[in-house]
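Undergrad: Residue numbers (the working numbering), protein chains in the order written: chain A, 873 to 1009; chain B, 873 to 1009.
#1: Can you confirm whether residue 902 (chain A), when its beta carbon is compared against all beta carbons of chain B, has any partner nearer than 9 Å?
#2: So, helix, strand or coil for residue 894 (chain A), using DSSP?
#3: Which chain A residues sit within Cβ distance under 9 Å of residue 952 (chain B)?
#4: Along chain A, in chain order, which residues have C-beta atoms closer than 9 Å to that of residue 992 (chain B)?
#5: Below 8 Å, can you find three or more Cβ-Cβ pairs linking the stretch 893-903 of chain A to the stretch 964-979 of chain A?
#6: Residues of chain A with CB closer than 7 Å to the CB of residue 880 (chain B), please, in chain order.
#7: Mind pulling the beta strand (DSSP E) runs of 3 or more residues that sit fully within the stretch 921-984 of chain A?
#8: Can you say whether residue 934 (chain B) is buried or exposed, counting buried as having 16 or more other CB atoms within 10 angstroms of its CB?
#9: Using the rule of at least 16 other Cβ atoms within 10 Å of the residue's Cβ for burial, across every protein chain shown, is residue 904 (chain B) buried or exposed?
#10: Note down, in chain order, each residue of its chain lying with its Cβ closer than 7 Å to the Cβ of residue 1002 (chain B), except the 5 sequence neighbours on either side.
#11: Could you check what DSSP says for residue 998 (chain B) in three-state terms: helix, strand or coil?
#12: In this structure, how does DSSP classify residue 877 (chain A) when only helix, strand and coil are distinguished?
#13: Cβ of residue 949 (chain A) less than 9 Å from any chain B Cβ?
#14: With distance defined between alpha-carbon atoms, name the residue in A:949, A:932, A:876 nearest to residue 925 (chain A).
#15: Should residue 905 (chain A) be flagged as near chain B, meaning a C-beta pair shorter than 9 Å?
#16: For a contact meaning CB atoms closer than 8 Å, what does residue 910 (chain A) contact in chain B?
#17: Flag this pair as yes or no: are the beta carbons of residue 968 (chain A) and residue 996 (chain A) separated by less than 9 Å?
#18: What residues in its chain sit with their C-beta under 6 Å from that of residue 1009 (chain B), if we drop five residues either side in the sequence?
#19: Are residue 911 (chain B) and residue 940 (chain B) touching if we call contact CB-CB under 9 Å?
#20: Using a Cβ-Cβ cut-off of less than 8 Å, give me the residues of the stretch 925-936 of chain A that come near chain B, in sequence order.
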């Protein structure tokens, strides 16, 4: 099997980190299949996630590991980790409590592009918690 | 409202492309909520997607626009485009025929990490078409 076929069809997990050492990770609700957020992992964050069974990401802005929920309490319990054909992206199947997005919504994807518009969004969700309380601001 | 609050809470669609001019786009089945694939868009691909109502990505390997299905026939009809809090990621809610992944599966995410393993994958799906026929190889 060629190297690329091995990546696509093999059973060895060989996550492909990008030039910055990161891989995209999508947190998806294991029960509802709602996509909650998209973040990034370096190899250490991925190893920690596997070890702990809870999502640990790498914060690009803060340039350090970020255990999801360390400040807000909204941890993500990881049930499964899926990878795609070329192994450069991950899905975390997670269970969560309410309020995963720091803005106050269950999912970070709380807006959609309006029909027949190129630049106007509409809200498709309601806030589920008060981020000012959760983050103590 | 501050600039970052405007991005998070405003109704103006201001997709944030990265240093390479790309934004991550997740194609999610509008009916089943299964995540089908993850790809990238430049501003032209996004504009084309909005214009046509069909997914058009930017291929990083081929460095050109890639109308999903142009070769395989597996087009993605786009019903909604969602963006996340900081507008650096998109979800395309799509409807599709069978077989979205070039390897032959409905979703690119056809393998998961085995329980209690750090490096062994197991298959969680069956192929739904023969890619050798679809791509004429």
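Where a beta carbon is used, it is the ideal one built from N, C-alpha and C, also for glycine.
TA: Result, derived from the coordinates:
#1: no
#2: coil
#3: 984, 985, 987, 996
#4: 883, 884, 885
#5: yes
#6: 975
#7: 928-931, 936-939, 948-955, 961-968
#8: exposed
#9: exposed
#10: 976
#11: coil
#12: helix
#13: no
#14: A:949
#15: yes
#16: 896, 898, 956, 961
#17: no
#18: Here residue 1009 (chain B) scores only 48 on pLDDT, less than 50, and its place in the model is too uncertain to base an answer on.
#19: yes
#20: none
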